[in-house]
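Below is one structure, written out as structure tokens, with a few remarks after it.
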Amino acid sequence: MISRLRPRPQPQPQNRPSGFTLIELLVVIAIIAVLIALLLPAVQAAREAARRAQCTNNLKQIALGAMNYEASNGVLPSGSYPRVGDPTAAKPWPDHSVFERILGYMEQQPAYNTINFSLTIYDNDNLTIEKMAISTLMCPSDPTVANATPLVRVAAAANGVPGVSFWNPDPLPPGVWTQAHTSYRGVAGLWINPPKNLAPAELQRAAASQNGLIFMDSNVRLAAVTDGTSMTMLFDERAHGYYPASVATTPAYKDYYPAIYGAWTYGYYAAQGIYNSAPNRFLSPYYPSSFHPGGINVAFCDGSVHFLKNSIDAFPEANDFRGAGPMLNGPDGYSMAPGARIPVYPALATRSGGEVISADSY
Numbered sequence: 137m138i139s140r141l142r143p144r145p146q147p148q149p150q151n152r153p154s155g156f157t158l159i160e161l162l163v164v165i166a167i168i169a170v171l172i173a174l175l176l177p178a179v180q181a182a183r184e185a186a187r188r189a190q191c192t193n194n195l196k197q198i199a200l201g202a203m204n205y206e207a208s209n210g211v212l213p214s215g216s217y218p219r220v221g222d223p224t225a226a227k228p229w230p231d232h233s234v235f236e237r238i239l240g241y242m243e244q245q246p247a248y249n250t251i252n253f254s255l256t257i258y259d260n261d262n263l264t265i266e267k268m269a270i271s272t273l274m275c276p277s278d279p280t281v282a283n284a285t286p287l288v289r290v291a292a293a294a295n296g297v298p299g300v301s302f303w304n305p306d307p308l309p310p311g312v313w314t315q316a317h318t319s320y321r322g323v324a325g326l327w328i329n330p331p332k333n334l335a336p337a338e339l340q341r342a343a344a345s346q347n348g349l350i351f352m353d354s355n356v357r358l359a360a361v362t363d364g365t366s367m368t369m370l371f372d373e374r375a376h377g378y379y380p381a382s383v384a385t386t387p388a389y390k391d392y393y394p395a396i397y398g399a400w401t402y403g404y405y406a407a408q409g410i411y412n413s414a415p416n417r418f419l420s421p422y423y424p425s426s427f428h429p430g431g432i433n434v435a436f437c438d439g440s441v442h443f444l445k446n447s448i449d450a451f452p453e454a455n456d457f458r459g460a461g462p463m464l465n466g467p468d469g470y471s472m473a474p475g476a477r478i479p480v481y482p483a484l485a486t487r488s489g490g491e492v493i494s495a496d497s498y
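To convert a position in the sequence shown, counted from 1, into this note's numbering, add 136.
Next up, the structure:
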């Protein structure tokens, strides 16, 4: 008898929906979120490292320009020069800045050629250079320098002539224009015993106390840096280079002050003393500051650039009318005992103070 083999029944495919389940989708989203959370700080840190490297290169170019200027002229460029035709010669205001003088040594000869040094920087004939942004003078981490406050007409003039400002003998062209700013400044020295009631130029001289390198009519030779060129600051960062309009009390200055502070062509703010306190303590145009986490870049007289931390050894804190650090032997009552040690940061600002500074202290 022949048996018949029955075919084995084939399993029927289950009707299973294609795609991800809700749980699987949530797991994938969670994994992506974790990866983003891990990678984003690394990306931001890498971007800041690149910006800080560019800032370092900017300061190297600026320092090299100043040193080439010294090689050609025998002295470092002054931080500023007395205002041309100043009606108050007894208390001259600063005018053209150190950055203007070194443009030709920073591959910016065409920009230098536009400047008329026989006229004040605020003369209409110099508006071209005032509005010119120089990338080497701008830290890429500094958003304030690229978004400078527009400068409008100063209505009330110091000399009483309507429409003519104290700083500009001619009426400005109609409309609104913006001064180009900088993230850097020359180091004038250590503020020692500054008297009050002085004009800006005299304040700048007092701030330097003749112990720095770049201040009004300074004309210092590198040979005068007896503390060592590798231990004397030449340029540093000043990122917060303006006051907000709310600080100004004179109505006309509410537009003027935010625009003028930090202008790279104005000598008064292109070179300042360090005012004793450590970097990034006070965010105003007078004090060193940056948008780099933890400190500022500083160019030294040997052309090197170092990153000084906010925690660098400095004088203790105090307040005066500008929110500054204590003024050594000044009106704040802070003074040093004879023979006392000057902290590292202010010691780096002097060219011939004779301070002993360890290389690992900054």
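C-beta: ideal position from N, C-alpha, C; glycine also.
None of the values given here were measured: they were computed from a predicted structure.
For the pair Lys-196 and Arg-357, the Cα-to-Cα distance works out to about 19 Å.
Take Ala-199, set aside five residues on each side of it, and the residues of its chain with a beta-carbon closer than 7 Å to its own are Leu-370, Phe-371, Ala-435 and Gly-439, in chain order.
Straight-line measurement puts the Cα of Ala-178 at about 34 Å from the Cα of Val-323. Taking a 10 Å sphere around the C-beta of Leu-174, we find fewer than 16 other C-beta atoms and assign the residue as exposed. The C-alpha of Leu-239 lies about 29 Å from the C-alpha of Ala-483.
About 5 Å separates the beta carbons of Ile-448 and Tyr-481, which is inside the 8 Å limit, making them a contact pair. Look at Ala-324 here: in three-state DSSP terms it is strand. Nearest Cα to Thr-486 within the set Ser-354, Thr-362, Asn-347 and Phe-443: Asn-347. When secondary structure is reduced to three states using DSSP, Leu-349 falls in the coil class, being assigned neither helix nor strand. Counting along the chain, Val-234 sits inside the alpha helix (DSSP H) bounded by residues 234-237. By the CB criterion at 8 Å, Ser-277 and Arg-187 fall inside the cutoff. An exposed status is given to Ala-181, since fewer than 16 other beta-carbon atoms sit within 10 Å of its beta-carbon. Membership of Lys-196 in the alpha helix (DSSP H) is indicated by the continuous run 158-209. For a cut-off of 8 Å, the C-beta gap from Ile-257 to Thr-401 is around 5 Å, short enough to register as a contact. Where Leu-370 is concerned, the enclosing beta strand (DSSP E) starts and stops at 369-373. Listed in chain order, the non-local C-beta contacts of Asn-355 below 7 Å within the same chain comprise Val-211 and Ser-214, local neighbours out to five positions each way being set aside. Thr-250 places its beta carbon less than 8 Å from that of Ile-265.
When the beta-carbon positions are compared, Tyr-248 and Tyr-205 stay at least 8 Å from each other.
With contacts defined by Cβ atoms closer than 8 Å, Asn-194 and Thr-280 do not form a contacting pair. For Gly-489, the closest of Phe-351, Leu-162, Gly-325 and Tyr-320 by C-alpha to C-alpha distance is Gly-325.
Judged by DSSP in its simplified three-state form, Leu-273 adopts helix. The alpha-carbon of Pro-479 is positioned some 42 Å away from that of Asp-259. Per DSSP, the beta bridge partners of Ala-435 are Phe-371 and Val-441. In the structure shown, Asp-449 adopts coil according to DSSP, grouped into three states. With 16 or more other Cβ atoms from the protein chains shown falling within 10 Å of its own Cβ, Glu-236 counts as buried. Taking 8 Å as the cut-off, the beta carbon of Thr-318 is found no closer than this to the beta carbon of Met-352. For Ser-494, the secondary structure class from DSSP, reduced to helix, strand or coil, is coil.
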